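In my numbering, the protein residues as written are 53 to 131.
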């Protein structure tokens, strides 16, 4: 369910660091995002970080390439 956000670059607000989302899981009350930065791991809720715009664009570009591949080689039409 969260596969497309794994790998996004984020800035952790209260730690003032930039890292990458490496895992997402459902906690007892909130969804927790595991962010790795310089060998350190942080668990944050959605309010604990900002996603970097360039990182989102990279994900979108990757999805568009997958879509084009499927349409060209597998004759699958996606909407």
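Backbone N, C-alpha and C define an ideal beta-carbon position, used for all residues, glycine too. Model, not experiment: these values are computed from the prediction.
Simplified DSSP state of residue 91, which is helix, strand or coil | coil
Assess, as a yes-or-no matter, whether the segment 118-126 is touched by the segment 89-102 under the definition of 3 or more beta carbon pairs within less than 8 Å.
-> no
Got a sec? Which residues, its chain only, sit under 6 Å from residue 95 by beta carbon, not counting five neighbours each side?
-> 84 and 86
Using 10 angstroms around the beta-carbon of residue 73, count the other beta-carbons present and answer buried if the total reaches 16, otherwise exposed.
-> buried
Between residue 107 and the rest of its own chain, which residues show a CB-CB distance below 7 Å, the 5 nearest in sequence each way excluded?
-> 60 and 61
For residue 78, write down the residues that DSSP places opposite it in a beta bridge.
-> 83
Reduced DSSP secondary structure (H/G/I, E/B, other) of residue 65 = coil
Output the boundary residues of the alpha helix (DSSP H) element that contains residue 112.
-> 105-125
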